[in-house]
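A.B. asks: Chains as they are written, first to last, in numbering that gives the first Met the number 0: chain B, 0 to 439; chain Y, 0 to 157.
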Amino acid sequence: MPAESVLMRFVEGEGTADLDAYVQAGGYEAARHALTTLTPESVIDIVDQSGLRGKGGAGFPTGRKWKFIPKGAPVKYVVVNGDEAEPCTFKDHMLLERAPHLLVEGIIITAYAVGAHTAYAYVRREGYLARERLRQAVAVAYERGFLGRKIFGTDMDLDVVVHTGAGAYIAGEETALLESLEGRRAMPRQRPPFPAVAGLYGKPTVINNVETLSHLPAVIRLGPEAYRSLGPPALFSVSGHVRRPGVYELPLGTPMHELIEHAGGLREGRRFKAAFPGGSSSAILTAEHLDVPMDYEPLRVAGSMLGSASLIVMDDTTCIVRVVARAVGFYKEESCGKCTPCREGTYWLSLVFDRILHGRGRMEDLDLLAHISKGLNGTCFCLLGESVPPSLDASLQHFRHEYEYHIGTGRCDVEDRLPPQHFAARSTGDPGAAAGTPGA
Amino acid sequence: MPVLRDEARDEIRRLPDHYEHRQSALIPALFVAQREIGWLPPDTLREVADLLDLPSSEVTSVASFYRFFFLEPPGRHLVLLCTNLACALNGAEHIRHHLEARLEIPPGQITADGIFTFRESECLAACYLAPMMMVDCDRFGPLTPKSVDEILERYRAR
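(1) Strictly under 9 Å for the Cβ-Cβ distance: is B:Ile311 near chain Y by that measure?
(2) Under 8 Å, with one C-beta from each stretch per pair, do the region 200-220 of chain B and the region 286-297 of chain B reach the 3-pair mark?
(3) Listing by chain order, which chain B residues have their CB less than 8 Å from the CB of Y:Met133?
(4) What's the gap between the Cα of B:Asp19 and the Cα of B:Glu332?
(5) Given a threshold of 16 other Cβ atoms within 10 Å of its Cβ, counted over all protein chains shown, does B:Glu287 qualify as buried or as exposed?
(6) Could you tell me which residues DSSP puts in a beta bridge with Y:Phe139?
(7) For B:Leu180, go through chain Y and note every residue whose CB falls closer than 8 Å to its CB, in chain order.
(8) If we cut at 9 Å on Cβ distances, does B:Ser281 have a partner in chain Y?
(9) Is there a Cβ from chain B that is less than 9 Å from the Cβ of Y:Arg45?
(10) Work out the CA separation of B:Arg269 and B:Thr316 for me, nearest whole Å.
(11) Using a beta-carbon distance below 9 Å, is B:Phe398 in contact with chain Y?
(12) Please name the residues in the region 187-215 of chain B whose beta-carbon is closer than 7 Å to at least one beta-carbon of chain Y, in chain order.
(13) For B:Ser179, which residues from the same chain have a beta carbon less than 8 Å from its beta carbon, with the 5 sequence-adjacent residues on both sides left out?
(14) Answer with buried or exposed for B:Thr427, where buried requires no fewer than 16 other C-beta atoms within 10 angstroms of its C-beta.
(15) Ignoring anything shorter than 4 residues, give me the alpha helix (DSSP H) runs that lie fully in the region 46-86 of chain B, in order along the chain.
(16) Have a look at B:Arg416, B:Thr253 and B:Tyr330 and flag the residue whose alpha-carbon is nearest the alpha-carbon of B:Pro297.
(17) State the DSSP-derived secondary structure class of B:Phe151, mapped to helix, strand or coil.
(18) Roughly how many whole angstroms lie between the Cα atoms of B:Leu305 and B:Arg325?
(19) Please report how far the alpha carbon of B:Thr153 lies from the alpha carbon of B:Gly302, in whole angstroms.
(20) Grouping DSSP H, G and I as helix and E and B as strand, with all else coil, what is Y:Arg118?
(21) Less than 9 Å separating the beta-carbons of Y:His93 and Y:Pro141?
(22) Can you tell me whether B:Tyr346 is buried or exposed? The criterion is at least 16 other CB atoms within 10 Å of its CB, across all chains shown.
(23) Considering only residues of the same chain and omitting the five flanking positions on each side of B:Phe59, which have a CB-CB separation below 8 Å?
(24) Please name the residue or residues paired with B:Val42 in a DSSP beta bridge.
(25) Against Y:Leu88, what residues of chain B qualify as contacts under a CB-to-CB distance less than 7 Å, listed in chain order?
(26) Going by the CB atoms, is the gap between Y:Leu14 and Y:Ala32 shorter than 9 Å?
(27) Where does the unbroken beta strand (DSSP E) through B:Ser281 begin, and where does it stop?
(28) Does the region 251-265 of chain B come close enough to the region 68-79 of chain B to have 3 or more Cβ pairs within less than 8 Å?
(29) Around the C-beta of Y:Gln186, are 16 or more other C-beta atoms found within 10 angstroms, so that it is buried, or is it exposed?
(30) What whole-angstrom Cβ distance do B:Leu157 and B:Leu6 have, given they're in contact under 8 Å?
(31) Roughly how many whole angstroms lie between the Cα atoms of B:Glu385 and B:Ser334?
(32) Given Y:Arg8, which residues of its chain have a CB within under 7 Å of its CB, disregarding the five upstream and five downstream residues?
(33) Going along chain Y, which residues have a C-beta under 8 Å from B:Phe271?
(34) Just to confirm the assignment, what range does the alpha helix (DSSP H) spanning B:Glu332 have?
(35) What's the C-alpha gap between B:Ala424 and Y:Ala125?
(36) Beta-carbon separation of B:Pro244 and B:Val237 under 9 Å?
Below is the structure:
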């Protein structure tokens with residue numbers, strides 16, 4: 000963790016779900032400062048200069064997003080995207096469960112900046128604890144006068160409504176989220192108009208991710224320069240084959256191998272094979288990229304992206320074909336069916352992967368996979384379908400021999416190379432129980 | 000004929016107060032109805048439609064889109080085994096085999112005794128617990144065959 004942790008200090012230990020703990024740690028002072036001494040325009044400028052970018056995956060500059068909100072509109076909304084469902088991303092749940100007041104304070108600052116008086120926090124269905132903690136935080140914030148009428152003695156009124164999702168990854172796409180919040184099937188909308196102009200109920204709407212909003216108290220407290228000088232800071236979800244999977248706060252630009260070291264490094268005797276740097280929508284990187292700075296531009300240059308800053312580490316026991324097949328299966332399952340390339344492309348890709356993994360693959364299937372992938376690239380209605388080609392293409396490029404081995408032999412080269420107890424040990428999560436594990 | 004209790008009907012009638020358009024209350028209302036009945040039979044969907052003054056077809060369309068609305072009676076407990084990447088990398092497939100053997104059903108079905116609905120799940124945002132599962136509202140992991148047995152035993156008794 001850097002010397003100045005802006006988020007994790009509210010998360011660690013007992014956390015700050017309790018309002019008194021949060022206030023004792025300086026909570027709600029940034030919102031008070033903003034509402035009582037800053038103009039809405041200057042709040043937007045501070046956020047713009049801070050370099051804060053959307054943490055949900057798209058990385059759009061937050062201040063710029065807010066500047067699109069038309070000033071004169073009588074009704075505007077703030078919508079919190081708490082639908083966190085990008086594979087292997089778990090920072091928002093952690094924030095909501097352990098430091099929900101960071102979000103509430105971030106909402107107050109945002110609503111003040113853009114002139115909104117109602118905010119909806121959309122939390123995915125499976126986030127039971129996250130939603131409960133947020134509900135409690137909102138309720139107690141009302142009791143203390145941080146929400147409701149005349150906040151901090153100013154003319155600012157703000158209501159926050161916690162809303163539940165019902166189980167659909169696509170609802171994390173911001174226009175699909177609006178559809179879901181309006182009580183319909185979560186299917187993305189045509190843009191333009193962008194939500195900033197015509198969002199919830201056709202009104203100007205700011206939609207920000209939970210982590211993005213949770214950074215705002217620090218942005219206001221530190222000021223844009225000091226905040227920027229911390230990296231700017233980011234939460235990384237690290238998972239897969241590391242010893243201490245978890246959320247780590249580090250400056251943007253931290254090299255990938257350092258992030259892996261923070262997460263305890265690889266397991267005994269294992270070698271790094273590949274990683275998704277930003278969730279399953281980001282292209283797989285290989286060992287030659289271990290030094291890449293975990294930041295927007297360097298990862299783009301490396302042919303991938305920062306996405307939701309979720310590093311999924313894979314060691315040398317990993318079958319890349321299975322991993323990509325599982326990722327494709329995810330997008331197939333979650334495709335909303337609105338557009339043909341996504342609905343059909345993910346379906347046909349899954350069929351091809353299924354036969355390769357069941358020993359019925361043909362060498363032509365490699366071209367077929369590449370062909371279907373090309374058909375998805377740039378043709379889908381939203382980013383869900385567009386998330387399939389990066390990893391698929393990268394796997395065909397870097398790990399073509401694994402596909403060829405599966406197709407040529409009907410077996411997996413990783414399984415053929417490693418003694419079976421590796422898989423048994425891995426499966427139980429308990430290396431001592433390697434022998435005689437059912438199903439191994 | 001109303002099936003829902005008066006309290007639930009009132010709760011649903013109040014939900015639109017939070018929103019500019021009353022249809023925003025639909026998903027919360029369906030969860031109220033499902034909490035009451037355990038699932039969403041056709042007459043309950045119609046009742047929700049009437050309470051919110053929405054077309055029945057729209058209510059059914061929405062209810063059938065999201066995976067946490069049950070259009071058939073589920074088991075008493077919902078077992079969601081994550082098989083997405085972080086869990087898959089940490090042996091979720093072996094846990095799935097173990098669950099299939101213990102529950103005597105493949106994912107997507109209800110146990111013969113009606114106690115468990117067993118589903119494979121996409122990422123549940125708790126990858127530090129991989130391989131993990133949720134039973135109803137609670138998370139468990141890292142799972143071993145032994146811990147799975149203990150967890151199932153606990154819920155069987157509830």
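From the three backbone atoms N, C-alpha and C, an ideal C-beta is built for every residue, glycine too.
C.D. replies: By the coordinates alone:
(1) B:Ile311 counts as touching chain Y.
(2) In short, these stretches do not touch, since the Cβ pair count stays below three.
(3) Under the 8 Å cutoff, chain B gives Glu125.
(4) B:Asp19 and B:Glu332 have their C-alpha atoms roughly 43 Å apart.
(5) With fewer than 16 other Cβ atoms within 10 Å, it is exposed.
(6) Residue pairing for Y:Phe139: DSSP places it in a beta bridge opposite Y:Met132.
(7) Correct list: Ser23.
(8) At a cut-off of 9 Å, the C-beta of B:Ser281 has no neighbouring C-beta in chain Y.
(9) False, the Cβ-Cβ gap to chain B never drops below 9 Å.
(10) Rounded to the nearest angstrom, the two C-alpha atoms are 8 Å apart.
(11) B:Phe398 does not count as touching chain Y.
(12) Listed in sequence order: Tyr200.
(13) Cβ neighbours of B:Ser179 within its own chain (closer than 8 Å, five residues either side excluded): Tyr121, Gly164, Ala165, Ala167, Ala170 and Ala185.
(14) No answer about B:Thr427 holds up, because its pLDDT of 42 lies below 50 and its placement is not dependable.
(15) With a minimum length of 4 residues, the continuous alpha helix (DSSP H) runs that stay inside the region 46-86 of chain B are 61-66.
(16) Closest option to B:Pro297, Cα to Cα, is B:Thr253.
(17) Helix.
(18) Between B:Leu305 and B:Arg325, the alpha-carbon positions lie close to 21 Å from each other.
(19) The straight-line gap from Cα to Cα measures roughly 49 Å.
(20) Three-state result, Y:Arg118: strand.
(21) No.
(22) So B:Tyr346 counts as exposed.
(23) Cβ within range, chain order: Arg52 and Gly53.
(24) The partner list for B:Val42 (beta bridge, DSSP) is empty, contrary to what the question assumes.
(25) Identification of chain B residues near Y:Leu88 by a Cβ-Cβ cut-off of 7 Å yields Gly239, His240, Met313 and Thr317, ordered along the chain.
(26) Not a contact, by the Cβ cut-off of 9 Å.
(27) Per DSSP, B:Ser281 lies in no beta strand (DSSP E) segment and is marked neither H nor E.
(28) Here the region 251-265 of chain B does not lie against the region 68-79 of chain B, with fewer than 3 beta-carbon pairs under 8 Å apart.
(29) Only positions 0 to 157 of chain Y appear in this structure, which leaves residue 186 of chain Y out of reach.
(30) The distance from the Cβ of B:Leu157 to that of B:Leu6 is about 22 Å, inconsistent with a contact at the 8 Å cut-off.
(31) Taking the straight line from one Cα to the other gives about 11 Å.
(32) Result list for Y:Arg8: Pro1 and Leu50, in chain order.
(33) The premise fails here: B:Phe271 is roughly 13 Å from chain Y at the closest Cβ pair, so nothing lies under 8 Å.
(34) That run of the alpha helix (DSSP H) goes Ile319 to Glu333.
(35) Residue placement at B:Ala424 is flagged as unreliable, the pLDDT there being 45, under the threshold of 50; the coordinate-derived value follows with that caveat. Cα-Cα distance, rounded: 21 Å.
(36) Taking a C-beta distance under 9 Å as the contact criterion, B:Pro244 and B:Val237 qualify as a contact pair.
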